[in-house]
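Scroll down for the structure; my scribbles are underneath it.
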Amino acid sequence: MATAKPILYGAWISSCSHRVRIALNLKGVDYEYKAVNPRTDPDYEKINPIKYIPALVDGDFVLSDSLAIILYLEDKYPQHPLVPKDIKTKGLDLQIANIVCSSIQPLQGYGVIGLHEGRLSPDESLEVVQRYIDKGFRAIEKLLDGCDSKYCVGDEIHLGDVFLAPQIHAAINRFQIDMVLTSSLIFFVQIKISAALTLHTHQNTNSNKLSFSCRRSTQSCRDFTTRTWKSRHFKPHCPRISQMHLQQNNQEIKPVTTICV
Amino acid sequence: TERCRGPLLHWLPATNQSELRMASAEAPAARPILYSYWRSSCSHRVRIALNLKGIDYEYRAVNLLKGEQSDPEFMKLNPMKFVPALVDGDAVIGDSYAIALYLEDKYPQRPLLPQDLKKKALNIQIASIVCSGIQPLHNLTLVRFIEQKVGTGESIPWVQQQIDRGFTAVENMIKGCAGKFAMGDEVQLADVFLAPQIFAAVTRYQTDMVLHFHLLSSPQLYLSLSLMN
């Protein structure tokens with residue numbers, strides 16, 4: 001009897017969900033994707049009582065939190081390992097992943113933006129988020145000083161890259177971060193990972209609804225979201241990623257596992 | 001900065017104590033160095049892990065209130081300017097989660113993670129909720145920002161809300177597993193992360209333990225675990 005496919009509950013705008021999609025696709029796991037809005041879908045609470053996304057449902061096991069899900073996938077699906085074997089390299093890789101998931105992403109969520117509501121203008125809110133992203137990215141760049149590998153900790157994609165790619169994508173597309181100003185050679189490589197992996201994962205989700213973020217938010221959240229999305233994809237200071245997006249229709253989308261960057 | 005390893009042995013089954021003594025006898029000459037601050041719950045997690053595993057380490061204080069995290073020598077160890085940072089031979093790691101999992105790999109005595117995949121995943125999940133979903137929303141920088149930009153005294157209700165949300169989620173996750181601790185009667189990775197968070201919540205943000213964690217047989221054990229480290 002065939003085992004049921006794991007189900008991933010996520011949202012297209014959620015960079016935490018994005019990380020898990022990348023991991024699932026890299027490992028070639030056949031999964032079912034269900035887009036949810038945890039704030040408005042009444043049935044989601046029955047599936048996941050804490051209403052967090054992403055959530056992975058594997059049989060009767062419900063797991064939230066992108067780091068927990070990805071390390072669970074790493075144990076259950078050992079193909080295309082994401083965690084380095086060497087413990088020092090693993091330490092660095094986990095540190096990079098945690099800079100993203102503990103020191104950058106939590107400070108750009110709607111909860112924190114809502115904190116500023118009525119007290120900071122959307123421009124000031126954006127500046128706060130940009131400061132956290134800038135600090136995190138510069139720290140990662142320092143950690144990778146002197147590395148000449150294709151990706152963070154080697155020539156293969158690992159955990160740090162899986163966390164970094166959605167963060168770079170959000171930084172450029174939502175928060176107007178100028179990657180040229182913060183970049184070294186490593187970051188141009190990262191932009192290419194981000195673009196390559198993002199193209200593939202967006203193909204899989206079939207979802208492109210900007211209205212998710214605007215429909216139920218308060219006015220200041222809507223203003224903030226409108227400003228952060230107004231110049232997505234085509235900023236002239238990110239020529240490489242802009243180019244890859246423009247060439248989307250002409251480009252043969254290879255499966256993520258065979259990408260050579 | 002006093003480390004208290006002796007009383008911790010009573011958390012462990014008697015058979016593990018001889019393993020610990022053997023591990024100490026075979027330990028390498030250079031001790032790992034932990035850069036830590038007494039008030040940092042992230043540093044607190046690593047102190048608990050090191051002590052549970054019986055690892056002899058050197059403690060170096062980094063005074064965050066005096067800005068010692070901006071010392072160029074410390075920034076070489078951790079460009080994020082956060083504590084904790086661990087230096088173990090030529091390994092330098094500046095993140096509590098990465099350090100905890102590094103210690104789990106390098107010093108396998110007194111494991112913090114169970115073998116069972118689902119129980120392991122639940123541990124990682126709870127630790128991650130604390131590490132990404134609660135603590136970053138009340139670290140010193142953000143609290144100062146709220147006090148300055150939003151208003152004096154505004155940080156406390158904000159932090160209480162985040163702690164409440166996070167603890168409610170954790171309580172949901174431990175249904176069916178909880179005993180003396182979150183995942184049973186032994187201290188595991190989830191508890192290593194939960195204890196400092198509970199300690200901070202109770203001592204700094206007036207969190208009521210009776211409201212949360214009524215699934216635990218003795219929530220005050222977390223306060224004991226925190227105070228002993």
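Taken in order, these protein sequences are the chains called A and B.
Under the UniProt record's numbering, think of the first position of the first sequence as 1, with each following residue one higher.
Under the UniProt record's numbering, think of the first position of the second sequence as 1, with each following residue one higher.
No residue lacks a Cβ here, since even glycine has one placed at the ideal position from N, Cα and C.
Since the model is a prediction, treat every value here as computed from it, not as a measurement.
Can you say whether residue i is buried or exposed, counting buried as having 16 or more other CB atoms within 10 angstroms of its CB?
| i | result |
| --- | --- |
| G28 (chain A) | exposed |
| F213 (chain B) | buried |
| T152 (chain B) | exposed |
| L56 (chain A) | buried |
| A30 (chain B) | exposed |
| residue 243 (chain B) | Outside the shown range of chain B (1 to 229) lies residue 243 (chain B), about which nothing can therefore be said. |
| S132 (chain B) | buried |
| R47 (chain B) | buried |
| Y151 (chain A) | buried |
| F61 (chain A) | exposed |
| Q167 (chain A) | buried |
| D88 (chain B) | buried |
| K90 (chain A) | buried |
| A4 (chain A) | exposed |
| P106 (chain A) | buried |
| G136 (chain A) | buried |
| L65 (chain B) | exposed |
| K85 (chain A) | exposed |
| D161 (chain A) | buried |
| L210 (chain A) | The pLDDT assigned to L210 (chain A) is 24, lower than 50, so where the model puts this residue is not dependable, and the model offers no usable value. |
| L8 (chain A) | buried |
| P136 (chain B) | buried |
Does DSSP put residue i in a helix, a strand or coil?
| i | result |
| --- | --- |
| T89 (chain A) | helix |
| D43 (chain A) | coil |
| D75 (chain A) | helix |
| L24 (chain A) | helix |
| S64 (chain A) | strand |
| F213 (chain B) | coil |
| I13 (chain A) | coil |
| E124 (chain A) | helix |
| Y151 (chain A) | coil |
| K34 (chain A) | strand |
| V162 (chain A) | helix |
| D191 (chain B) | helix |
| D58 (chain A) | strand |
| I7 (chain A) | strand |
| G176 (chain B) | coil |
| F175 (chain A) | coil |
| G184 (chain B) | strand |
Restricting to Cα atoms, I'd like to know which of the options is closest to residue i.
| i | options | result |
| --- | --- | --- |
| L24 (chain A) | A:N37, A:G10 and A:V36 | A:G10 |
| V159 (chain B) | B:R144, B:N172, B:V170 and B:M173 | B:R144 |
| S96 (chain B) | B:D56, B:Y222, B:S36 and B:G89 | B:S36 |
| H169 (chain A) | A:T3, A:I7, A:K5 and A:S17 | A:S17 |
| I134 (chain B) | B:N229, B:I33, B:L34 and B:C42 | B:C42 |
| A61 (chain B) | B:L52, B:K53, B:M80 and B:L86 | B:L86 |
| V210 (chain B) | B:Q69, B:L122, B:P72 and B:D164 | B:D164 |
| K175 (chain B) | A:D65, A:S15 and A:P49 | A:P49 |
| residue 270 (chain A) | A:D155, A:A171, A:C101 and A:D161 | Examination of residue 270 (chain A) is not possible in this model, given that chain A is present from 1 through 261 alone. |
| Y77 (chain A) | A:D58, A:P38, A:G154 and A:C101 | A:D58 |
| I55 (chain B) | B:K81, B:L65, B:A100 and B:L137 | B:A100 |
| A182 (chain B) | B:Y102, B:F199 and B:L216 | B:L216 |
| A51 (chain B) | B:L64, B:P32 and B:E68 | According to the sequence shown, residue 51 (chain B) is Asn rather than Ala. When only C-alpha atoms are compared, the closest one is B:P32. |
| T40 (chain A) | A:I53, A:E32, A:Y33 and A:Y31 | A:I53 |
| R174 (chain A) | A:Y33, A:D123, A:D161 and A:G154 | A:D123 |
| K46 (chain A) | B:G67, B:N172, B:L113 and B:P157 | B:N172 |
| L164 (chain A) | A:L120, A:G109, A:S103 and A:D148 | A:S103 |
| Y107 (chain B) | B:Y57, B:K119 and B:V130 | B:Y57 |
| L34 (chain B) | B:P72, B:I146, B:L189 and B:F82 | B:F82 |
| S66 (chain A) | A:C101, A:I7, A:V153 and A:D161 | A:C101 |
| G184 (chain B) | B:E154, B:I146 and B:P219 | B:P219 |
| I156 (chain B) | B:G179, B:V170, B:A200 and B:N229 | B:A200 |
| Y205 (chain B) | B:P84, B:H138, B:L225 and B:I129 | B:H138 |
| D191 (chain B) | B:T203, B:V170 and B:P136 | B:V170 |
| G166 (chain B) | B:Y59, B:I198 and B:L112 | B:I198 |
| P6 (chain A) | A:Q79, A:S15, A:R21 and A:P38 | A:R21 |
| L112 (chain B) | B:V187, B:A195 and B:L221 | B:V187 |
Is residue i a contact residue of the ligand MN, with contact defined as CB to any heavy atom under 7 Å?
| i | result |
| --- | --- |
| D90 (chain B) | Judged by which ligands are present, the structure shown has none, so any question about the ligand MN falls away. |
(Q) My parser needs the beta strand (DSSP E) runs of 3 or more residues fully inside the segment 17-104 of chain B; what are they? (A) 33-36, 58-61, 85-88 and 91-93
Q. When the Cβ atoms of the segment 88-99 of chain A are set against those of the segment 132-151 of chain A, are three or more pairs found closer than 8 Å?
A. yes
(Q) Check whether the segment 71-80 of chain B and the segment 117-128 of chain B are in contact - that is, three or more C-beta pairs closer than 8 Å. (A) no
Q) Taking three-plus beta-carbon pairs below 8 Å as touching, is the segment 88-107 of chain B in contact with the segment 39-56 of chain B? A) yes
(Q) Which runs of the alpha helix (DSSP H) at least 4 residues long sit entirely within the segment 102-171 of chain B? Give them in chain order. (A) 117-128 and 140-145
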